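Written out below as structure tokens is the structure these notes cover.
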Amino acid sequence: VVHVPYKGSGPALSDLLGGQVNAMIDTVPAAQSQIKAGKLRALATTTKERVPSVPDVPTVLEAGMPEMQVSSMFALSAPAGTPSAVIQKINAALKVILSKQDVKDSMLAQGAIATYSSPDETAKIINAEYAKWAKLIKDANIKAE
């Protein structure tokens with residue numbers, strides 16, 4: 063396997079569809095239209111559970127690779143020092159928005175699962191991801207080129 067770096071999903075998907083590369087790892091939102099159109103064959107998702115918008119695609123766990131679980135997330139952030147009252151107001155609005163069924167349905171149609179996490183929970187998730195990838199980079203002696 064040869065890693066080919068791309069500047070985003072668009073160029074990578076274009077090369078995959080055009081046969082310049084044989085496989086890629088991408089997010090469900092970026093690839094699902096091509097999967098549903100039958101132009102791409104999804105081999106697995108790297109999430110713990112199957113993604114509802116592509117229910118026939120198995121997970122890496124089902125494919126026998128439990129260590130490969132990787133999931134992307136979107137989060138709101140604010141500059142350090144933002145007043146707590148502002149953070150709490152934004153957080154409360156976000157919690158309300160993400161609880162709305164039409165928002166959940168719209169995001170799911172795009173391949174994203176709308177979930178809410180508090181600012182503290184989100185920080186823990188981000189810190190755990192950072193530690194996980196830092197360890198992998200160190201253990202594999204990966205260097206920037």
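Reminder that position 90 of the sequence shown reads as 152 in this note's numbering, one-by-one numbering, no gaps. By construction, the Cβ of each residue, glycine as well, lies at the ideal position given by its N, Cα and C atoms. Note that this is a predicted model, so its numbers are computed, not measured.
Check whether the Cβ atoms of residue i and residue j lie closer than 8 Å to each other.
| i | j | result |
| --- | --- | --- |
| T108 | Q131 | yes |
| R112 | V122 | no |
| V66 | V83 | yes |
| N153 | P181 | yes |
| T184 | A142 | no |
Near residue i, which residues of its chain fall below 8 Å by C-beta distance, leaving aside the five closest residues on each side in sequence?
| i | result |
| --- | --- |
| A125 | L105, A106 |
| S71 | D88, T89, A92, A93 |
Does residue i come out as helix, strand or coil in the three-state DSSP assignment?
| i | result |
| --- | --- |
| T89 | coil |
| T144 | coil |
| T107 | strand |
| T184 | helix |
Can you tell me the Cα-Cα spacing of residue i and residue j, whole angstroms?
| i | j | result |
| --- | --- | --- |
| W195 | D167 | 31 Å |
| S134 | A140 | 19 Å |
| M169 | A85 | 26 Å |
| S146 | A155 | 14 Å |
| P73 | Q96 | 14 Å |
| K157 | G173 | 20 Å |
| K200 | D164 | 43 Å |
| R103 | E207 | 31 Å |
| V148 | I188 | 21 Å |
| K205 | K162 | 44 Å |
| R77 | A190 | A small correction: the amino acid at residue 77 is Asp; Arg does not occupy that position in the sequence shown. Going from the Cα of D77 to the Cα of A190 covers about 33 Å. |
| K186 | A193 | 10 Å |
Assuming the contact rule is C-beta atoms closer than 8 Å, residue i and residue j should be a hit. Round their C-beta distance to whole Å, please.
| i | j | result |
| --- | --- | --- |
| L79 | K98 | That belief does not hold up - the Cβ atoms of L79 and K98 are roughly 14 Å apart, past 8 Å. |
| A171 | S115 | 7 Å |
| Y178 | L198 | Not really, about 28 Å apart at Cβ, beyond 8 Å. |
Residues in its own chain within less than 6 Å of residue i by CB, not counting five upstream and five downstream?
| i | result |
| --- | --- |
| Y68 | A74 |
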